[in-house]
Every structure is written in C-alpha cells, then in structure tokens.
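Report on one structure; see the data block that follows.
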Amino acid sequence: MIPTGLCVLGFGGHARSVMDVAVAVGIQDFLFVDANAAPGETLLGFPTQTIFPETLPSGWTVFPAAGSNARRREQVEWTLRAGWPLATLVSPSASIGVGSSLEPGCFVGHHAHIGPMARVGAGCIVNTGAVVEHEAVVGDFSHVSVKAVIAGRSRIGRLVMVGAGATVLDGLTIVDDVTIGGGGVVHRSIDQTGVYVGVPVRQVSVLRTI
C-alpha cells in the first residue's frame, strides 16, 4: 500500500533523492523535518519545520533521509522508539531479485539492482545504479553509492560507506565502520575499521569519515 504522505527526516541532498523516488512510486504529499531548516523554507512547495509534529495525518509514514550513516542510524532508531511507521522506498526502475529482503528504512534508487537472495539491512542506501548481487549482505545503516558494485556473496558490515563507482569483489567481508573511497576496488576482505582508497584499495586512515 502506497502511503498518502511522507514525513522526511532531513533536508539535504539525500532528502531530494528520497522525494524523487517517493514521487515516482505515487506519494504526493511531503513534510520535511530538519533542525537546521530556515523559517518558511520549502522544497518544491512542500513545507519544512524544525521539530517533529505531534501527530501525522492518517496513512503517512516516516523516512530517514540523512546522508550520514551515523545520523541516519539515529533517525531510524528514534522513529522505531517513538512508534511511528517507517517506510521503505524502492524506485520503480530498480530490480529486486527473488528471495531478497529489504529491512525498514531502506532506500533503493533509480536503476539499482538487488540480486536474488541478497539482504539489505535497516536504514541502508542503495543509490542510483548501484548493484548488490546475489546472496550479498549489506549491514544496517550502510551506503552503497552511485554505481558501486557489491559482488555476489560478499558481506558488508554496519555503517559502511562504499563510494561512488567502487567495487567489492566476490565473496569478501568488510567489517563495520569502514569507508571505501570512490572508484576503489576491494580485492580482499577488510578486517579493520578505517578509510580505504585506490585500485586495489589500501588503508589510508584508521578513522572513518562518514
């Protein structure tokens, strides 16, 4: 059932992508909630406000739209604690394989592909043109960026950022809290938190950036 409206948590760039996919699936009414929204600010005529409303209209759901993995985790956990319905958004142009699963709060962008028996965790972003192949697992609150590829049977941890155009080769494992730079190629499993860049990727920092 398509929600009658969507309360979008966030007002940055990803919130615009969320709205675009939501419109494509038939959602017609929006409210954006962001503590940094300016008074009277709108997006394509839809209102913003700085605090969450006391009530939502019947048929509305909530969607976490922070680009930051850590912030999106906070949004999902707050929504579930508060008892609000949490949406999952899948573009009509995306392909979802047989036996795959998407947890609440997932975003699957235009022309993305989720392969058969893959699992995408809560609050994840699988962005425009990204691929999560057969039997791969993407952990909660991770982001597979535009045109990135997670090959079959790979396991991506929680709060992982896979940059635009990056590739994780077949059957590899990446632990939690890792950032893969754009265009990087992961050719062996990663067992330490940090930032990895290059072809093949090498670790450049022990601290994640997202």
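Note that the working numbering has the sequence shown beginning at 991, numbered continuously upward.
Cβ atoms here follow ideal geometry from the backbone N, Cα and C, with glycine treated the same way.
{"Item": "By Cβ distance below 7 Å, which residues in the same chain neighbour G1003 in space, the five residues on each side in sequence not counted?", "Value": "G1057"}
{"Item": "With DSSP collapsed to three states, give me the class of Q1065.", "Value": "helix"}
{"Item": "How would you call A1120, buried or exposed, if buried means at least 16 neighbouring beta carbons within 10 angstroms?", "Value": "buried"}
{"Item": "When burial is assigned at 16 or more other CB atoms within 10 Å of the CB, is I1041 buried or exposed?", "Value": "exposed"}
{"Item": "Since H1133 and G1105 are thought to touch, with beta carbons under 8 Å apart, how far apart are those beta carbons, to the nearest angstrom?", "Value": "About 18 Å; that fails the 8 Å criterion."}
{"Item": "Output yes or no for whether 7 Å exceeds the beta carbon distance between I953 and V1128.", "Value": "Here the chain has residues from 991 to 1200 only, and residue 953 is not among them."}
{"Item": "Is it a yes or a no for the stretch 995-1011 touching the stretch 1045-1057, going by three-plus beta-carbon pairs under 8 Å?", "Value": "yes"}
{"Item": "With a threshold of 8 Å, are at least 3 pairs of Cβ atoms found where one atom belongs to the stretch 1166-1175 and the other to the stretch 1183-1192?", "Value": "yes"}
{"Item": "With DSSP run on the structure shown, which of helix, strand or coil describes M1107?", "Value": "coil"}
{"Item": "When you compare the stretch 1078-1090 with the stretch 1098-1115, are there three or more beta-carbon pairs, one atom per stretch, that lie closer than 8 Å?", "Value": "yes"}
{"Item": "Starting from A1003, trace the alpha helix (DSSP H) both ways and give me its first and last residue.", "Value": "The amino acid occupying residue 1003 in the given sequence is Gly; Ala does not appear at that position. Its alpha helix (DSSP H) spans residues 1003-1014."}
{"Item": "From what residue to what residue does the beta strand (DSSP E) around P1037 run?", "Value": "1036-1039"}
{"Item": "Taking buried to mean at least 16 other C-beta atoms within 10 Å of its own C-beta, is R1071 buried or exposed?", "Value": "exposed"}
{"Item": "Beta-carbon separation of Q1039 and V1023 under 7 Å?", "Value": "yes"}
{"Item": "Please give the ranges of any beta strand (DSSP E) in the stretch 1167-1200, keeping only runs that are unbroken, at least 3 residues long and fully inside the region.", "Value": "1168-1170, 1184-1187, 1192-1195"}
{"Item": "Identify which residue in A1060, G1030, G1113, S1195 has its Cα closest to the Cα of V1052.", "Value": "G1113"}
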